[in-house]
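Here's the structure we're looking at; comments come further down.
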Amino acid sequence: MSGMSPIVKTVTRWVSPFILAFGIYIALTGHLTPGGGFPGGVIIAGCFVLLTLAYGKEKVDGVFSLKSASVTDSLASLSFLCMGLLGYVFGRGFLNNFIQSGFPGKAFELLSGGNMPIINVAIGFKVGGSLFVVFAYLALFRAIEEE
Amino acid sequence: MSDPGIYGLALLVIPLGASPLVWLLGKVSKKLRNYFSGIITLGIFGFSLALFPYVQSGNLEFFTKEVGEVVISFGLGPFSLLMVSLISLLCFLASIFSPNYLKRYEGNLNTNKYFSLLLGFMGGMIGAVIAGELFTMFVFWELMTLAAYFLITFENSPDSIKAGNKYFLMSEGGALAILAGIVLLWVTSGTTQLAELGAMAALEPEFSISILSLFLIGFGVKAAFFPIHSWLPDAHPEAPSPISALLSGIMIKVGLFWIIKVFWELFSVSPSWGSAIAVIGAFTIVIGGFLAIVQNDIKRLIAYSSISQVGYILMGVGIGTGLGLAGGIIHLLNHALFKGLLFLGAGIVVYVTGTRKLDDLGGLSKEMPVVFGSVIIGALSLAGVPPLNGFYSKWILYQASIDFERGFAPFLLVAALFGSTLSVIYITKFIYSAFLGEMKTEMDRSPGWGMKTAVGVPAILCLGLGIYPRPLLDSIRPIIGRIPVFEGTWVAYMAAAFLLGAIIVGAALYALVDLKKRSKRKPAFMGGENEETIDTDMYFPYVDKLDFKVYPSEIYNSIKKSKMVNWLYVAEERNFIDPYVAVSWVGKALTRSFRWAHNGLLSRYLVWVFSGLIVILWLLTTQ
Amino acid sequence: MLTYLLAFILFAVGLYSVINKRNLIKIIMGIIIMEHAVNAFLILIGYRISGKAPILEKGTSVTEFVNSAMDPLPQALVITSIVISLGVVALMVALAVRLYQHYGTFDITEIRKLRG
Amino acid sequence: MVLIQIFLVFTIIAALIAVEAPSALSSIISLGAVGFGLSIAFLWLGAPDIAITQVVVEILTLVILIRATIGKGVTEIRGNESKTLLIGSLILFGLGSAFFANYLSAFPEFGKSAIDVFSETPSQFYLKFGLEKAGGANVVNDILLDFRAYDTLGEATVLFTAILGAITLLNKDVFFGEGGEK
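Chains as they are written, first to last, in the numbering used here: chain A, 1 to 147; chain B, 1001 to 1623; chain C, 2001 to 2116; chain D, 3001 to 3182.
See the structure below:
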C-alpha cells in the first residue's frame, strides 16, 4: 500500500502544515484560551497520522522516522522534568512556576504564564510523539496480513 | 575468662560471622576454606566443652538487650550447652567429611555456598538453642530452617528440590504454629523471657491447651514424630550425606530440645500431656521401625530408623520421671552420635559406589575395614547391643517404663522392646547388604582420611561412652537436677566384661568349629533363609525361577505381605499417613469447588468483581 | 437527577458490553464507553446553571468570575483522564492484536480454550 | 439542560448501536458518535478544553481501532453472548441501579456545583487566584500546570508507560529477535 489517491495526497500536503501549526498554537496558548498541551499534542500526532495514512506506511520509516518520534517523546518528557528541577535551582520547590513569580508578564499575554507555555509545549510534543509512535507501530505491524 | 557471659556470645557470633567469610576464602583457595571451617567448628566444640564447669551450678545468662517491648537475650543452661557441644561436634565431623564428599560436585555446583550454608546452619541451630527469649529463638529457628532448605536442595536435582520444598512447607507450617503459640503466650502472660516464664507458676488454664498443643505440633514437625514425620524420609536421602547426618543427628534434636524445654523446664504441665507424648513416642517407635525394614534405599532406611529412635526419646521424655527424662536425654545424645556416624557411613558407601540402592551393594567390608568397623559399632549401638552407649540409654528407658505407674506402661515397654527388635532387623539389613556378601558394584573411589576420621571419632565415642558412661551421667545430672534419678546400682564395667567375654567365647567357638572352611561367600541372604532353601513359590510366585536372584530387599518384602502390618505399608504407599499430601488433597478439593466460579472467562470474573465492589461499597456506606 | 441517571445508563451500556460480549474489540469498546460515562458524570457534577467556561476574559472582575464560572477542578482532572484513556486504549488494542495474531480470533472463549 | 439530556440520550443510543452492531465499521463509527456527542455536550456544559481534547482523542481512538480491525482484515466483530451471563449482568445492573438510586440523593442537585454548596472549596481558590498566582487566564490549565503540576507529571508518566507497553507488545524484534518472526 503506497498511500491513497493523488487528490488526498495533495490536500494533505497543503493542509498538514496548518494542522501542525494549529496543534502547536493550541499547546502554546493553552493558558489563555481553551486548549493546552494535551489536545495540542493529540493534534500534532493527528497531523503525522494523517500524513502516514495519506502517503502510506513506507513513508513512516523514511521521512519522519520512528526514531525521531521517540526521541522527541523522550526529550519532551525530559524537558518537563528539567522545568520541574529548575524550580530547585531557583530556590523554590519542585515544579514551581519560578518564571511567573520572578518576572511577571502582563496578564492575558503569552508571557504572563511564566513557565506554563514551556511545559505546555513540552507536554504537547510528549503526547504527540508517543501517540504517533504507537500508531506507527500499529500501522507497521503486519503480522496478521502476512499470515 | 573471668566473665564467661560475654564470651558465651562467641558461640553464636563466630559461626554466623564465619559463614560469609568462608565463601570469600573459598574463592581464594579451596583448601584454606576446608581447613578454616574445620578449625572454626572444632574451636567452638572445644569452647563449649570448656564452658561445662560454669553451668554445673546453674544457668548462665549473657547478653540482654531491650528492643521495644521485646527483650533479646541469650543464655546457657546445662542442657543447652550439651546441645551446643553436640551441634559443634557433628558440624565438625560434617565439615571434615565434606571436602572429600563434595569432590563429585566440584565444577557443577558452588561448594563455597555449601560451606557457607553449613556454618550458617550451625549458627542458626546454636542460636535456636541458646536463645533466652522465644522471639529470638524463632528468628534463629527460621534461619536454621532456611539454611537446611538450601542444603537439602544443594544438589539441585528435581527430586531434591521436591523433597526440599516438602521439608520447607511442612517446617514453615510448624513454624507458624510456634509463632502462634509464642504470640498467644505473650498475650496471655505478658512475657516471652524464658527466665520469667520459668518463674511463673502455671499457664492460664483456658489457654494452656492451645498453647501447648501449638508448641507440640510446631516443634514436633522438626522432631519428626508420627504422623508429622513425612518430610524426613524424603529430605534425608536427597540431601548430601553430611547434611543428612546433621539433619538427623541434631536438627531434629533441636525440636526435641524445645519440646523437653517447654514441657518440663518451663511449665509444670499436667501428667496427661506426658502420657500423650509417651504414647505418640511408642507409636512412632513401632511405625518408624516397620517402615524402615522394607526400604531399599540406604539413606531412606536410616532416615526411618531416625523416626523410630525419636520415638524412644519422646517416650522417655513423656514418661517424665527422673529416669525417663534421663533416658530420653541420654538417648538423644547417643542417637546424635550413632546416627551421625551411620549417615556418614552411608555417605561413604554412596560416595565410593555412586548408588544408594541396597540391592546393588555388597561386600564393601573388605575394601574399607576402618569404615566397616566404625559403621558396625554405630549399628550395634543403634540396636542397643552392650557395651555400646545405645544399650545404656535403652536400658534406662526400659527401666523407666517398667517403673512408670500408669495403666498403659506395659504397652510402652512392649513397644520399646519390639522397636528394638525391629531396629536389629533393619540395621542388619543395612550392614549385611552394604558391607557383607559378594561385591556387586565396583568402587569408583576410595574414602579419604577426612571421611575415615569423621566416622572413626563417633565410633570411638560410642564405644567409650558405653564402657565408661561417667561423663554422660555427669552432664545429665545438672539437667535433671531436682529429681533423684538413679536408684540401685549399675556396674558398667561388669556388663562390659561379661559381654566382651561372651564375644571372645563366641570367637573361640567360631575358630574351633572351623566354620570358615565350610562357608563360602554367597549372594546376600537374609532372615535365616538363603537362596536354596527359600520358598520361592510363596514369596515370588510369578518370577522366572531359572534366572533367579534373590535380593535382600525382596526377602524383607515378605514382611510386607503379612496381614498384621500390611495396612501400614499400603497406607504409606498411598500417602494416607502424610499430612503434607492430605493438606494438598484438601486444597485441591477446595479449588475444585471454586472452579465453576472461576472458569477463566473474563466476563465471569467481571461479574464477581463488580458485584463484590457494589456489595462492599454498600456495606461500607450504610454503617 | 435525570441527567445523572443518563450518565449512569451510559456506564451500564459499557458494562453490559464488557460482561456479555465475547469479542475483544467489543470489550475494548465497552471500556471506552465506560470511560466516557465517568468523564461525563464528573463534568456534570461540576456544572453550574448558566455558568461560563472557567476562562477569564478581559474586563471581568474576579469576584464575578468566581460566581459565574464552572468548577475547574473536575475539568482539569478529566483532561488527564481522557488522554490516559487513549494511552490505555492503545495498550489494549496492541494486546488484542497480539492475541489475534497468536490465536487467529478475537473471541475470548476461544482464547481461553487454546491456552498455552 | 434539556439539550444536555438530549445529547446524553443520543450518546446512549449510539453506544447501544456500537455495542450491538455486527459490522466492525459501523460499530466503530457509532463509538465515534458517542465521543463526538459527548464532546458537544461538554461544550454546552462549559468545558471547551475537554471538548477539544475529546474530539481529537476520539479521532485517534477511531483511527487506532480501525487499524486494529479493518486494517487487519477483520470486518465482523460479532460478540456472541451467553444466557447465563446475560442473567448475571441483569442482576448486576439491578444491584448497581439500586445502589445508585440509594445514593443519588447524596449528590448535589444537578446544576449546583460544590462551589455553590460549600464555601471554602479548592475550586474557589483556584478560580480566585488562578490569574494572580499562576498567570494564566485559563484556570483549567492553571490547575494542570501550576497548582497540580505533580498530577500532570504523573499522568505523563502513565501515558509514557502505557505507550511503552504497547510498543513492546507490537515490536517484532522484541518477540522474535532480529529478522522478523519465526
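Don't be surprised by glycine CBs; every beta carbon is placed ideally from N, CA and C.
Because the structure is a prediction, the values reported are computed rather than measured.
With the criterion set as a beta carbon lying under 9 angstroms from some beta carbon of chain A, the members of the stretch 3143 to 3168 of chain D are L3144, L3145, D3146, A3149, Y3150, T3152, L3153, E3155, A3156, T3157, L3159, F3160, A3162, I3163, L3164, A3166 and I3167, in sequence order.
Put simply, the CB of I2082/C is near chain A, with a gap under 9 angstroms to one of its CB atoms. Residues G2046 of the same chain have their beta carbon placed closer than 8 angstroms to that of L2073/C, with the five preceding and five following residues left out of the count.
Beta-bridge annotation (DSSP): L95/A is not paired with any residue. With the criterion set as a beta carbon lying under 7 angstroms from some beta carbon of chain D, the members of the stretch 70 to 89 of chain A are S77, F80 and G84, in sequence order. The criterion of a C-beta distance shorter than 9 angstroms is satisfied by I2084/C and V3158/D.
A Cβ of chain C is located within less than 9 angstroms of the beta carbon of F1610/B. For S1268/B, there is no enclosing beta strand (DSSP E), as DSSP marks it with neither H nor E. Look at L2086/C: its C-beta is under 9 angstroms from a C-beta on chain A.
Residue pairing by DSSP places E1142/B in no beta bridge whatsoever. Under the three-state reduction of DSSP output, D1297/B falls in the strand class. Using a Cβ-Cβ cut-off of 9 angstroms, K2021/C counts as an interface residue toward chain B, since at least one Cβ of chain B sits closer than that to its own. Here V1254/B is buried, its C-beta having at least 16 other C-beta atoms within 10 Å. Non-local beta-carbon contacts of L1380/B in its own chain, meaning distances under 7 angstroms to residues more than five positions away in sequence, involve L1388 in chain order. When beta bridges are read from the DSSP output, T1064/B appears opposite S1073/B.
DSSP assignment within the stretch 1109 to 1181 of chain B yields no whole beta strand (DSSP E) run of 3 residues or more.
For G2030/C, a Cβ of chain D is located within less than 9 angstroms of the residue's own Cβ. Nearest CB-CB separation between T1621/B and chain D: below the 9 angstroms threshold.
A buried status is given to T1041/B, since no fewer than 16 other beta-carbon atoms sit within 10 Å of its beta-carbon. Of all alpha-carbon atoms in I1402/B, T1111/B, T1353/B and A1180/B, the one lying nearest the alpha-carbon of V1022/B is that of T1111/B. Taking a Cβ-Cβ threshold of 8 angstroms, the residues of chain D close to T2003/C are M3001, I3004, Q3005, L3008 and F3110, in chain order. The beta carbon of N1599/B falls within 9 angstroms of a beta carbon belonging to chain C, placing the residue at that interface.
Annotation for S1080/B: V1129 and I1130 place their beta carbon closer than 6 angstroms to its own, counting only its chain and skipping 5 residues before and after. Under the 9 angstroms criterion on CB atoms, L1606/B is classed as interfacial with respect to chain C.
According to DSSP, residue pairing for K2052/C in a beta bridge involves A2069/C. Cβ-Cβ separation between S1037/B and L1151/B: approximately 14 angstroms, too far for a contact (criterion under 8 angstroms). Any Cβ of chain C closer than 9 angstroms to the Cβ of A3068/D would place that residue at the interface, and such an atom is present. C-alpha of V1565/B to C-alpha of R1604/B: approximately 51 angstroms in a straight line. Taking the C-beta atoms as reference points, I1616/B is found no nearer than 9 angstroms to L3092/D. Fewer than three beta-carbon pairs drawn from the stretch 1144 to 1159 of chain B and the stretch 1204 to 1212 of chain B are found closer than 8 angstroms, and the two stretches are therefore not classed as touching.
What I24/A touches in chain D, judged by beta-carbon distance under 8 angstroms, is nothing: the nearest beta carbon there is about 14 angstroms away.
Straight-line spacing of the CA atoms in L1016/B and T1191/B works out to 27 angstroms. DSSP places Q1056/B in the coil class of the three-state scheme, outside both helix and strand. By the neighbour-count criterion, in which 16 or more other beta carbons inside 10 Å mark a residue as buried, H2102/C falls on the exposed side.
Taking L3131/D as the centre and dropping the five residues before and after it, the same chain places the C-beta of A3137 closer than 7 angstroms to its C-beta, in chain order.
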